[in-house]
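Student: Residue numbers (this note's numbering), protein chains in the order written: chain A, -14 to 95; chain B, 62 to 177. Using N, Cα and C, we set each Cβ at its ideal position, and we do this for glycine too. These numbers come from a predicted model, not from an experiment. Once you've had a glance at the structure underneath, I'll fire off some questions.
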């Protein structure tokens, strides 16, 4: 069974700071999602990764398959980035069910 | 991109009544949809996997007679909370995979259910 761990659990940053959220998992996976959940509850998929690195605007996600580790970076953070960030993995052999990390609560202060 | 529309976004109902939540895939066919429940300050908990044209697969501990799931078409799955009780109050959210988008998951906007 895959265990997904995220760190840190809580993160407070000043506007403009570079932010990194980490995710480790225990078994081989098909792919990993980085999700964003705002206080209203809706969830947005930021990235899906199976290898390498992806960039979208100020967000960068990387994954190291050998080390079973992924990171989400936010450059030039802004208060509107305040949200819960969740990594979730899935493996086709396990019926495509997502296994979620506990989430990282990010607060960016102005 | 793929969009999953979920309705209602919030609902208040009386104890003993039933509530139906709908999830529609707007621009892709979702042969599989997933239903989650989320308690405050906790991560999502998978309740069941909904398969078009067949019975849903429920996770251990989830009452299938309490949480009825119907996936009658490739674009619509419904979750009905039957005989709702205050302890059913929670945030419910669905997701679906569009196989044409490299297996990415798309989430609905969620439904906040309050049972009074």
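Whose C-beta lies closer than 8 Å to the C-beta of residue 0(A) among residues of the same chain, with five residues either side of it excluded?
Tutor: Result list for residue 0(A): 62, 63, 64, 93, 94 and 95, in chain order.
Student: Would residue 7(A) and residue 74(A) be called neighbours here (beta carbons separated by less than 7 Å)?
Tutor: No, they are not a contact pair.
Student: Report back the beta-carbon spacing between residue 20(A) and residue 71(A) to the nearest angstrom; my notes put them in contact at under 8 Å.
Tutor: About 4 Å separates the two Cβ atoms, so the contact holds.
Student: If we define contact as Cβ-Cβ less than 7 Å, is residue 85(A) a contact residue for chain B?
Tutor: Chain B contact via Cβ: present.
Student: Counting along the chain, where does the beta strand (DSSP E) carrying residue 173(B) start and finish?
Tutor: 172 to 176 is the span of the beta strand (DSSP E), which, as asked, contains residue 173(B).
Student: Do you know whose CA, among 104(B), 74(B) and 142(B), lies nearest residue 83(B)'s CA?
Tutor: It is 142(B) whose Cα lies nearest to the Cα of residue 83(B).
Student: Looking at the structure shown, is residue 120(B) part of a helix, part of a strand, or coil, going by DSSP?
Tutor: Coil.
Student: So residue 85(B) and residue 111(B) are in contact, right, with Cβ under 8 Å, and what is the actual spacing, rounded?
Tutor: About 12 Å separates the two Cβ atoms, so there is no contact after all.
Student: Which chain A residues sit within Cβ distance under 8 Å of residue 167(B)?
Tutor: Those within 8 Å of residue 167(B) in chain A are 30.
Student: So which of 47(A), -9(A) and 15(A) has the shortest CA-CA distance to residue 78(A)?
Tutor: Among 47(A), -9(A) and 15(A), the Cα nearest to that of residue 78(A) belongs to 15(A).
Student: With distances taken from CA atoms, which of 97(B), 62(B), 88(B) and 109(B) is nearest residue 151(B)?
Tutor: Of the listed residues, the one whose Cα sits closest to residue 151(B) is 97(B).
Student: I want to see whether chain B comes within less than 7 Å of residue 13(A), judged by CB atoms only; does it?
Tutor: No, residue 13(A) lies away from the interface with chain B (no Cβ there is under 7 Å from its Cβ).
Student: I think residue 36(A) touches residue 46(A), with their Cβ atoms under 8 Å apart; what is that distance to the nearest whole Å?
Tutor: Actually they are not in contact, since the Cβ atoms of residue 36(A) and residue 46(A) sit about 11 Å apart, beyond 8 Å.
Student: List the residues of chain B whose Cβ lies closer than 9 Å to the Cβ of residue 81(A), in chain order.
Tutor: Correct list: 93, 95, 110, 158, 164 and 166.
Student: Taking C-beta to C-beta, are residue 99(B) and residue 105(B) nearer than 7 Å?
Tutor: Yes, Cβ-Cβ distance for residue 99(B) and residue 105(B) is below 7 Å.
Student: Cβ of residue 37(A) less than 7 Å from any chain B Cβ?
Tutor: So, not an interface residue.
Student: Select from 73(B), 120(B) and 74(B) the residue whose C-alpha is nearest the C-alpha of residue 95(B).
Tutor: Ranking the options by Cα distance to residue 95(B), first place goes to 120(B).
Student: Which of the residues in the stretch 60 to 75 of chain A, read from start to end, lie with their CB under 7 Å from any CB of chain B?
Tutor: If the cut-off is 7 Å between Cβ atoms, the stretch 60 to 75 of chain A has 71 near chain B.
Student: Using DSSP's beta-bridge definition, name the partner residues of residue 83(B).
Tutor: Residue 83(B) pairs with 68(B) and 139(B).
Student: In terms of DSSP beta bridges, what is residue 108(B) paired with?
Tutor: Note: residue 108(B) sits in no beta bridge, so no partner.
Student: With H, G and I counted as helix, E and B as strand and the rest as coil, what does DSSP make of residue 65(A)?
Tutor: Helix at residue 65(A).
Student: What are the start and end residues of the beta strand (DSSP E) that includes residue 59(A)?
Tutor: Here the beta strand (DSSP E) through residue 59(A) covers 54 to 59.
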